[in-house]
Amino acid sequence: MEYSKVNNLLHGGDYNPEQWLDRPDILKEDIRLMRLANVNVVTLGVFSWSSLEPKEGVFTFQWLDDIMDWLYENEIYTILSTPSGGKPPWMVKKYPDIMRTRRNRVRHLYGERENQCNSNLTFRRKVKEIDQELAKRYAHHPGLVMWHISNEMYGECHCELCQQNFRQWLKQKYSSIETLNEQYWSNFWSHTYSDWDEIESPAPHGETAVHGLALDYKRFYSDLSIDFLKQEIEVVKSFNPEIPVTSNMFHLNCGIDYHKLHKIIDIASWDSYPKWHCGKDKSTDWSQAISAAFQFDFCRSLKSQPFLLMESTPSTVNASDVCKLKRPRMHLLSAVQAVACGSDSVQYFQWRKSRGAYEKFHGAVVSHNGSAETRVFRDVCDVGHFLNQSSHLKNTVTKSEVALIFDYDSRMALLEQKSLKNKNKNFDEIALQHYEALMKNYVSVDIISQDWDYSSYKVVIAPVLYLFKEQTANKIREFVKKGGTVVMTYYSGLVNENDLVYLENPPAGLQDVFGVESEEVDSLCDDEDNIVNWNEKQYRAIDYCDLIKANQAKVLAKYGSDFYKGLPALTENAYGEGNAYYIAFHSDGEFLFDFYQELVKHNKIQRIVDIVHCQDVMIRERESEDNKYLFVMNFSTHERKLSLPGNYSSYRGKELHNHKLLLKGYEFAIVQKSNN
Ligand code: GLA
Ligand code: ZN
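Residue numbers (the numbering used here): 13 to 688.
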């Protein structure tokens with residue numbers, strides 16, 4: 013299912029005209045400016061509940077009717093949001109228990125947004141009613157292209173009703189209290205439960221020591237939130253199943269397992285706010301570009317199809333420590349990057365700057381003075397022009413032979429448990445380093461969970477896969493047996509899905525596949541390192557050194573100092589038709605870059621382009637049946653020169669001359685070649 017009514021890549025963003033209903037001149041001007049900026053879609057209705065139901069049961073849709081009609085008459089489509097991300101004060105005055113109770117067991121007063129209790133039946137009923145009204149009225153509107161369900165769902169509630177639902181969820185999962193006690197290892201410190209109703213969700217002044225419980229509460233609440241969204245989806249779909257739904261995602265720490273959420277939506281969408289120009293070295297935005305690309309690839313991989321960039325800022329945010337403006341050319345470059353990584357849209361928060369309230373100084377396409385002559389408006393027009401000219405890119409896909417496992421359960425469990433460097437276990441940074449090393453080798457990567465099907469990949473990478481679910485060891489074994497290559501690191505395969513430690517050395521269930529077993533892991537102080545020599549080069553080992561025994565594996569590199577000098581640091585093991593590599597130490601990026609360079613060669617992984625890494629230049633690919641498009645993007649302020657082998661011709665951006673590209677600071681080029 014796709015937003016096929018819009019022929020082009022989508023350009024637009026959050027539009028909240030209810031702020032300006034007493035200014036018809038402004039509303040009229042909005043449409044003129046949208047057309048000027050090549051906007052073809054807007055998202056209406058995000059947080060609009062007060063304007064749609066100002067009093068309980070009194071619905072006021074006329075303004076929305078008018079706006080949707082005007083937009084449509086002007087060839088601007090609507091993504092319509094359900095308003096459940098915010099709620100009107102009358103509702104909380106009448107039903108105070110719809111508000112979320114925090115971990116400290118204090119219930120929120122009315123205020124802010126996205127802070128309801130997802131168990132609360134009154135809130136669910138209210139949401140259902142308003143969604144029904146909306147869907148009844150607009151599900152067949154010719155301008156409607158998609159439903160946007162709620163907004164950036166996140167967080168958790170700890171009210172009594174949520175506790176009851178949690179206990180039900182636990183009963184379903186464990187069947188008996190004995191099994192739960194066993195999995196939680198609760199007789200340690202005498203925490204054995206004798207009845208379900210003794211179980212309370214974690215609290216700062218209560219239970220924080222039973223890691224299985226903490227993990228289960230996160231899973232329970234993620235399931236509950238997804239169920240909440242599912243209810244909304246069922247309502248809107250019941251009026252017209254043809255309209256696709258999305259729910260904008262935004263943060264890997266938001267408490268929702270996106271690897272589950274994606275199953276109930278048709279199109280994945282992401283809100284992206286990189287901190288451009290805020291790195292230590294102001295001449296490069298490479299590290300911001302890498303983390304933005306990681307998130308895009310995560311989102312793209314969820315449905316193995318193009319995703320939508322649902323929100324971004326055309327200039328600055330308003331709530332960061334430093335609210336920096338995008339430097340000239342960065343707006344277009346960051347928009348191109350989203351498309352390069354698989355987005356079929358560039359959309360903003362928000363269209364016109366609010367006059368008051370929390371986000372009045374957040375960047376918007378149209379500023380307070382309403383002018384089309386601003387730098388930001390011109391930047392947005394440039395993006396509109398680019399998207400309008402690039403319709404061939406819509407629906408093109410990204411193919412990857414390599415997958416990186418970035419798993420919600422394992423990540424949550426690792427952050428919760430006590431060991432390693434508790435202040436900052438660096439898990440996200442570690443995953444990013446592996447990803448960056450692949451990006452610098454110009455290799456395309458999918459980002460998946462451990463539950464994914466690995467069979468379409470040649471290489472699967474599992475950095476710090478601490479938690480192994482029941483089937484994971486077997487899946488990895490089968491994958492390698494059939495010829496796959498797996499790269500795993502220290503601190504992988506230690507516990508089961510409830511954080512209960514396996515009674516064997518890690519990697520549990522896979523010692524024979526990797527040919528190694530881990531006995532201990534050393535955490536290094538920030539000012540310490542060890543040395544690893546590999547392929548006649550010396551690398552630093554930092555943060556973590558796994559002390560492993562190589563049983564059958566071939567030792568490729570050893571530690572160079574400390575009491576474990578001489579122990580294996582890097583191993584390779586042939587198993588079945590495949591190969592299993594174990595990286596025992598954490599390194600800086602240099603080792604990973606060299607390691608993956610070798611691995612890619614050895615496994616004949618298709619590189620996006622076969623050239624040496626050009627500093628600060630990200631290269632990505634999208635393809636259709638007929639064409640390949642290469643996106644070459646310079647994320648530094650310096651000029652970069654490249655030579656592209658192959659028969660490419662210029663498509664957009666800087667022109668290719670005789671295989672050569674010259675990109676000034678923040679410039680890009682898109683080149684194409686025929687697939688036939
Ligand atoms: C989020 C929200 C928007 C807006 C932006 C500001 O992504 O969804 O409503 O608050 O942040 O950056
Ligand atoms: Zn609750």
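Heads up, the beta-carbon is just placed ideally off N, CA and C, and yes, glycines get one too.
Residue i in three-state terms, based on DSSP
i, result
"residue 585", "strand"
"residue 563", "coil"
"residue 277", "coil"
"residue 598", "strand"
"residue 270", "helix"
"residue 147", "helix"
"residue 345", "helix"
"residue 292", "coil"
"residue 624", "coil"
"residue 177", "helix"
"residue 363", "coil"
"residue 322", "strand"
"residue 304", "helix"
"residue 378", "strand"
"residue 464", "coil"
"residue 128", "strand"
"residue 247", "helix"
"residue 557", "strand"
"residue 215", "coil"
"residue 123", "coil"
"residue 569", "strand"
"residue 669", "strand"
"residue 2", "Outside the modelled stretch of the chain, which goes from 13 to 688, sits residue 2, for which no answer is possible."
"residue 459", "strand"
"residue 592", "strand"
"residue 370", "coil"
"residue 258", "strand"
"residue 286", "coil"
Cβ-based burial, residue i [other Cβ within 10 Å; buried from 16]
i, result
"residue 626", "buried"
"residue 4", "Residue 4 is absent from the structure shown; the chain starts at 13 and stops at 688."
"residue 108", "exposed"
"residue 370", "exposed"
"residue 583", "buried"
"residue 133", "exposed"
"residue 136", "buried"
"residue 123", "exposed"
"residue 201", "exposed"
"residue 87", "exposed"
"residue 224", "buried"
"residue 83", "buried"
Boundaries (first-last residue) of the beta strand (DSSP E) holding residue i
i, result
"residue 38", "Taken as a continuous stretch (DSSP letters only), residue 38 belongs to no beta strand (DSSP E), being part of the alpha helix (DSSP H) at 36 to 48."
"residue 207", "Neither: residue 207 is in no beta strand (DSSP E) and is coded neither H nor E."
"residue 25", "22 to 26"
"residue 160", "156 to 160"
"residue 93", "89 to 93"
"residue 686", "680 to 686"
"residue 415", "414 to 417"
"residue 673", "672 to 675"
N-terminal and C-terminal residue of the alpha helix (DSSP H) that residue i is part of
i, result
"residue 421", "420 to 428"
"residue 193", "189 to 196"
"residue 400", "387 to 401"
"residue 446", "439 to 452"
"residue 103", "101 to 106"
"residue 473", "Here residue 473 belongs to no alpha helix (DSSP H); instead the beta strand (DSSP E) covers 471 to 474."
Assumed close pair residue i, residue j - CB separation to whole angstroms, cut-off 8 Å
i, j, result
"residue 558", "residue 533", "5 Å"
"residue 612", "residue 561", "Between residue 561 and residue 612 the Cβ distance is about 29 Å, and since that is not below 8 Å, they are no contact."
"residue 454", "residue 487", "Not really, about 28 Å apart at Cβ, beyond 8 Å."
"residue 319", "residue 280", "4 Å"
"residue 702", "residue 503", "Outside the shown range of the chain (13 to 688) lies residue 702, about which nothing can therefore be said."
"residue 96", "residue 55", "No, residue 96 and residue 55 are not in contact; Cβ-Cβ is about 14 Å, not under 8 Å."
"residue 398", "residue 348", "7 Å"
"residue 698", "residue 51", "Lying before the first or after the last residue shown, residue 698 is absent from the chain, which here runs from 13 to 688."
"residue 231", "residue 169", "Wrong, their Cβ atoms sit about 15 Å apart, outside the cutoff."
"residue 417", "residue 474", "5 Å"
Quick check on the DSSP output: what are the complete alpha helix (DSSP H) runs of length 4 or more inside the region 483 to 548, in order along the chain? 484 to 493 and 523 to 526
Where in the region 627 to 661 do unbroken runs of the beta strand (DSSP E), each at least 3 residues long, occur, reported from the N-terminal end onward? Qualifying beta strand (DSSP E) stretches, in chain order: 629 to 635, 639 to 646 and 652 to 655.
Taking only runs that begin and end inside the region 54 to 89, name each unbroken alpha helix (DSSP H) of 4 or more residues, in chain order. Here the runs fully enclosed are 61 to 64 and 74 to 85.
Check each residue's C-beta against every heavy atom of the ligand MG and list, in chain order, those closer than 7 Å. For the ligand MG, the structure offers nothing, since it holds only the ligand GLA and the ligand ZN.
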